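Worksheet: one structure, shown below.
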Amino acid sequence: MSQTAVEAAESRPSLAIGALLERGTGFLLLLAVAAFAVWHLVATPAAFFTTMVVGLNQGALYALIALGYTLVYGIIELINFSHGDLFMLASVLSGFLMVSTFGATAATTGAFLALVATLVLAMLFGAALNTTAERVAYRRLRRAPKLAPLITAVGLSFVYQWGGIKSNGSGQRNWDTILGSSGFTVLNVKVPWSMIVVTAVTIPLLLGLNWVIQKTRQGKAMRATAQDQDAARLMGIDVDRTISLTFALGGAMAGAAGLLYLQTFGTTRYDAGFQLGLIAFTAAVLGGIGNLNGAVLGGVLIGLVQALNDRFGLGVAYSQTVVFTILILLMVFKPEGILGKPTTEKV
Amino acid sequence: MATTTAAPGTAAAAAKAHSTNRKWAVGLLIAVVVIFLLYSQILPNAPADVQTFFRRWLSVSAVNEAVLWVVFALGLNIVVGYAGLLDLGYVAFWALGGYVAGWIMSPFASSMYKSWGGLKLSILGHPPAIEGLDTGIHVNFWLVLPIAGLFCALWGLIIGAPTLRLKSDYLALVTLGFGEIIPQILRNGERIGPNGVFNLSNGDKGISPVDPIPTWPVSYIPGVPDELALKASDLPYKFLVYCLLAAFTIFVSLRIREGRLGRAWLAIREDELAASMMGVPLMKTKLSAYAVGAFAGGLGGVAFATHVGGVFASRFDFAISITLLAMVVLGGMGNVWGVTIGALALAWINSTGLEQVGQQINSSFGTDIDFPSYQFLLFGLILILMMLFRREGLLPETRTRQVLQEPERGDLESVGADLEGEPV
Chain A
828 MSQTAVEAAE
838 SRPSLAIGAL
848 LERGTGFLLL
858 LAVAAFAVWH
868 LVATPAAFFT
878 TMVVGLNQGA
888 LYALIALGYT
898 LVYGIIELIN
908 FSHGDLFMLA
918 SVLSGFLMVS
928 TFGATAATTG
938 AFLALVATLV
948 LAMLFGAALN
958 TTAERVAYRR
968 LRRAPKLAPL
978 ITAVGLSFVY
988 QWGGIKSNGS
998 GQRNWDTILG
1008 SSGFTVLNVK
1018 VPWSMIVVTA
1028 VTIPLLLGLN
1038 WVIQKTRQGK
1048 AMRATAQDQD
1058 AARLMGIDVD
1068 RTISLTFALG
1078 GAMAGAAGLL
1088 YLQTFGTTRY
1098 DAGFQLGLIA
1108 FTAAVLGGIG
1118 NLNGAVLGGV
1128 LIGLVQALND
1138 RFGLGVAYSQ
1148 TVVFTILILL
1158 MVFKPEGILG
1168 KPTTEKV
Chain B
8 MATTTAAPGT
18 AAAAAKAHST
28 NRKWAVGLLI
38 AVVVIFLLYS
48 QILPNAPADV
58 QTFFRRWLSV
68 SAVNEAVLWV
78 VFALGLNIVV
88 GYAGLLDLGY
98 VAFWALGGYV
108 AGWIMSPFAS
118 SMYKSWGGLK
128 LSILGHPPAI
138 EGLDTGIHVN
148 FWLVLPIAGL
158 FCALWGLIIG
168 APTLRLKSDY
178 LALVTLGFGE
188 IIPQILRNGE
198 RIGPNGVFNL
208 SNGDKGISPV
218 DPIPTWPVSY
228 IPGVPDELAL
238 KASDLPYKFL
248 VYCLLAAFTI
258 FVSLRIREGR
268 LGRAWLAIRE
278 DELAASMMGV
288 PLMKTKLSAY
298 AVGAFAGGLG
308 GVAFATHVGG
318 VFASRFDFAI
328 SITLLAMVVL
338 GGMGNVWGVT
348 IGALALAWIN
358 STGLEQVGQQ
368 INSSFGTDID
378 FPSYQFLLFG
388 LILILMMLFR
398 REGLLPETRT
408 RQVLQEPERG
418 DLESVGADLE
428 GEPV
């Protein structure tokens, strides 16, 4: 007892200095990254902007996946570990649908119709699977100690990966995409056509999601449930249905991301979801977990940083290391993220 | 609340646990001796079909590996089971322990840096007797064990430090991040520094061979080899060495649990807020859980390097962390014996069990199912089903059962604030 009292007394004045040091280090790190980016912008502008385009493309995918994390975390404070693998399953499914079922491998009108159909199917698939997982597993654990749903999510992620191995094989599978890697050049900056598709799908989706959450009755119910489940229930909101809907929305976003990933990279791997899921989670934390705009901002930022690193920095081999280092630094310096509000634990 | 109801029983339970511990130790010793005699004396002279049976179902190498999994699972149990901190990157310690062996127990050190070419250093070491492999650093296996343990414990502190202020679920992600970063650096660590002058880890090629295990002074007993390498006749002796490590980890786990530190871990696991109000220093206690858990990982990492005769970066992936978690969850978080049995069972399924059982089923029912490919499904389902239906594990600790069966959420609501969820 007395020992901790002494510790507390000692730590109080040093906290201010510690916070100052922390903020200083944080700013220095940010400055270093900014300087690195500006230096390459000045030295090789064309290459820099080409890299930025690649980064934006990846960032849009990360943003879509990050939304799933943020939605679920916002409403029941669960890190849905299996979300990345859900995205992977969606990418495998859209591969089979696009290439095997619709035979859409070149840029024709039919192929674009197939793209739309696959988008709808992949989103439905993601929503259905995520809702089922919630119904079967997470709902029963909502009142359990926090470790239980988290471990369940890890287990589910393994089950999904098994599904990936069974359907996709244990190696990488290459698919023909409708746009391939071709693109056009504006002012020496190379823009791949797939980038246009990604943008054309992502932006309406984000706007639609925002509309659902901000303007509809169900969205209002979701926001209310996120704030206080008991109060929401007292107001006549069906909390279980609202949480199911949240999982469905998150799953649908992951489904869309699966198709876009396939069309951008033309490959599927059973462990792609694990890696992208972690990156997307980092994006959600970077933006401020629970905050939808934050997830999008975080996704784009992480995409840009990763592209910069792959091109100018340590290289692809250290891509993961860089992203996770960002995650860890964030945890140390700004756990609430860019747009999130600092929260103290409710007691 | 569970903690208060458990309190009066703990003294009696501790005393009971004490006496049963001794019985278990004797039982364990007998089991180890029987298995050792079976593999070293009986099997080599047994009929051929008995030998084939054992080679298929339970080879001595599979047994050795299972014993090493016990060491790792018990290390993770300290972090997850005792302190309640979900660590999803435990594989990092396995890798670091292995690379310590690679650095100071093999010829590799002489090729790390250009001007270290002539490096030849031996501290009671046992370099391979082959010409050209006696360069590098060769430290005695028994000295490498504590070195690697301390090295990993230090890394445990480094990994633990930034995560201390975080909520429990973020912690899982950060440990997972470290569990990915460290093996990735080791995988890519062939050319580090300006112009890639420094070879940290030999990249994907890995480091081999590592030195054998010296048996001095036991080697004075006739029949015991001087050093234990990868020869088939050495394996039963290696089994004894690994069992010694496992027994050490079991002993430490049991003893530390009864002590001040162990009780502080359990208090944190059950209610962090209440524990800190009772004067448990949260930071120090959590960090020490990481350090002690990592120490076991270091021991196991070195031993595993001697088991496979080298260190190979591609082995250290996320699946290992999850397998270890499944072992801890299956056996019963916090219960040493439960975790031990869980580890042995899953390690066996992993190595030969699933394949052999599958072959039996296929041949007796005429099916053609590729059973080893169901491994991911099996491990995932173990985690999910255990969490849904038997959260306390197969061999639960009384205390864990009380906590995990508690209807309310432990973290915040158990203090009486903001009870969410509908009344049952």
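In order, the protein sequence lines correspond to chains A and B.
Going by my numbering, the first sequence opens with residue 828, and the numbers climb by one from there.
Going by my numbering, the second sequence opens with residue 8, and the numbers climb by one from there.
The C-beta atom is built at its ideal place from N, Cα and C for all residues, glycine as well.
Quick caveat: nothing in here was measured; it's all calculated off a predicted structure.
task = In angstroms with no decimal places, state the Cα-to-Cα distance between Ala864(A) and Leu1131(A).
result = 10 Å
task = Sort Glu197(B), Val225(B), Pro224(B) and Ile220(B) by Cα distance to Lys212(B) and report the nearest one.
result = Glu197(B)
key: Residue of Trp355(B), Ile376(B) and Pro379(B) minimising C-alpha distance to Val77(B)   = Trp355(B)
key: Contiguous alpha helix (DSSP H) assignments of at least 4 residues, all confined to the segment 920 to 978 of chain A   = 936 to 963
inquiry  = What does DSSP give as the partner residue(s) for Ser113(B) in the beta ladder?
reply    = Ile144(B)
task = My understanding is that Thr1(B) touches Gly400(B), with C-beta atoms under 8 Å, so please give their C-beta distance in whole angstroms.
result = Nothing about residue 1(B) can be read from this structure; chain B reaches only from 8 to 431.
query = What distance in whole Å lies between the Cβ atoms of Leu1103(A) and Thr1095(A), which are believed to be in contact at a cut-off of 8 Å?
reply = That belief does not hold up - the Cβ atoms of Thr1095(A) and Leu1103(A) are roughly 11 Å apart, past 8 Å.
inquiry  = Tell me which residue opens and which closes the alpha helix (DSSP H) that Val315(B) is part of.
reply    = Leu289 to Val315
ask   = Roughly how many angstroms lie between the CA atoms of Ala843(A) and Ala281(B), to the nearest whole one?
value = 26 Å
inquiry  = Between Gly307(B) and Trp101(B), how many whole angstroms is the CB-CB distance? I'm expecting something under 8 Å.
reply    = 6 Å
ask   = Alpha carbon to alpha carbon, how far is Met1158(A) from Pro169(B)?
value = 7 Å
message = At the 8 Å Cβ level, is Ala843(A) part of the contact set with chain B, yes or no?
response = no
key: C-alpha distance - Leu388(B) paired with Gly982(A), whole-angstrom precision   = 6 Å
ask   = Smallest Cα separation from Val880(A): which of Trp1020(A), Ala934(A) and Met925(A)?
value = Trp1020(A)
request  = Drop a sphere of 10 angstroms on the beta-carbon of Pro972(A), count the other beta-carbons inside from all chains shown, and report buried for 16 or more, exposed for fewer.
outcome  = buried
ask   = Which value, in whole angstroms, describes the spacing of the CA atoms of Met8(B) and Glu277(B)?
value = Low per-residue confidence applies at Met8(B): pLDDT is 36, beneath 50, and the placement is therefore not dependable, though the value from the model is reported in the following sentence. If you take the alpha carbons of Met8(B) and Glu277(B), they lie about 10 Å apart.
ask   = Quick one, which of Trp1002(A), Ala874(A), Glu961(A) and Ile1116(A) has its alpha-carbon nearest Ala933(A)'s?
value = Trp1002(A)
query = Which partner residues does Thr1012(A) have in the DSSP bridge list?
reply = Lys1017(A)
request  = Express the C-alpha separation of Met340(B) and Gly88(B) in angstroms, rounding to a whole number.
outcome  = 4 Å
request  = Can you grab the Cα-Cα spacing for the pair Ile1040(A) / Gln1054(A), in whole Å?
outcome  = 14 Å
message = Would you say Val1132(A) lies against chain B (beta-carbon separation less than 8 Å)?
response = no
Own chain partners of Ala964(A) with C-beta closer than 6 Å, once the 5 adjacent residues on each side are dropped = Thr979
Proximity of Leu161(B) and Gly96(B) at Cβ, strictly below 8 Å = no
Residue environment, Leu847(A), which counts as buried when at least 16 other CB atoms sit within 10 Å = exposed
key: Three-pair Cβ contact test at 8 Å for the segment 931 to 951 of chain A versus the segment 1078 to 1085 of chain A   = yes
message = Tell me the rounded alpha-carbon separation between Pro1162(A) and Leu856(A).
response = 16 Å
key: Cβ-Cβ separation, Gly124(B) to Phe115(B) (assumed contact under 8 Å), whole Å   = No, Phe115(B) and Gly124(B) are not in contact; Cβ-Cβ is about 12 Å, not under 8 Å.
query = Along the chain, where does the alpha helix (DSSP H) that runs through Ile1070(A) open and close?
reply = Val1066 to Phe1092
query = Anyone know if the C-beta pair for Asn84(B) and Ser260(B) falls short of 8 Å?
reply = yes
query = Straight-line CA distance for Leu103(B) to Val86(B)?
reply = 17 Å
request  = Under 8 Å between beta-carbons, which chain A residues line up against Phe383(B)? List them in chain order, please.
outcome  = Phe985, Val986, Gln988, Trp989 and Ile992
query = Is it buried or exposed for Gln48(B), if we count other Cβ within 10 angstroms and need 16 for buried?
reply = exposed
ask   = Between Leu977(A), Tyr987(A), Leu1006(A) and Gln1147(A), which lies nearest to Ala179(B) when the distance is taken from Cα to Cα?
value = Leu977(A)
query = Are the segment 884 to 892 of chain A and the segment 1029 to 1040 of chain A touching, with three or more C-beta to C-beta distances below 8 Å?
reply = yes
Cβ-based burial, Glu404(B) [other Cβ within 10 Å; buried from 16] = buried
ask   = Which residues in the same chain have their Cβ closer than 7 Å to the Cβ of Ala333(B), if we skip the five residues on either side of it in sequence?
value = Leu353, Phe386, Ile389 and Leu390
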